[in-house]
Amino acid sequence: MVSGKLHLPMIQTDTAIRVAFLSPRQSLVLPSAWVKLTGVPDDLLTKERIKASFVMLGRIFDVDELSLQKSGKEPIRVQVQCCHPERIKGSVQIFVNGEG
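Quick note, the working numbering runs 78 ahead of the 1-based positions in the sequence shown.
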């Protein structure tokens, strides 16, 4: 714990300094949604590469490891944090290095 004293010469006062024990107030929480990705190229089939490649959806919070292992048979499930998850509908074709 950091504490100490500070002398303020202009007003001839010694002041005690200590750590504040205030907990930060929670602001708004960013909602999340699970999104299914299909047709992901083989060279992107790692958790880190999926997180880096699909940031345009929002903040990639989690990648379902089991769906990643079954990627040829099932869509890859990704948990995305974004402002309006209810607006994520339909499908979007994404091109990676000119291939989609």
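Glycine included, every Cβ here is placed at the ideal spot set by N, Cα and C.
Give the straight-line distance between the Cα atoms of Ser42 and Thr124, rounded to the nearest whole angstrom.
Lying before the first or after the last residue shown, residue 42 is absent from the chain, which here runs from 79 to 178.
How should Leu108 be labelled, buried or exposed, when 16 other C-beta atoms within 10 angstroms of its C-beta is the threshold for buried?
exposed
DSSP state of Ile89, grouped into three classes?
coil
Who are the Cβ neighbours of Met79 in its own chain at under 8 Å, not counting the five residues just before and after it?
Bear in mind that a pLDDT of 45 at Met79, under 50, signals an unreliable position, so the number given afterwards is only what the model happens to contain. Excluding positions up to five away in sequence, the list reads Arg96, Val97.
Please report the distance separating the alpha-carbon of Trp112 from that of Leu100.
35 Å
Grouping DSSP H, G and I as helix and E and B as strand, with all else coil, what is Lys125?
In the structure shown, Lys125 sits in a helix (DSSP, three-state: H, G or I).
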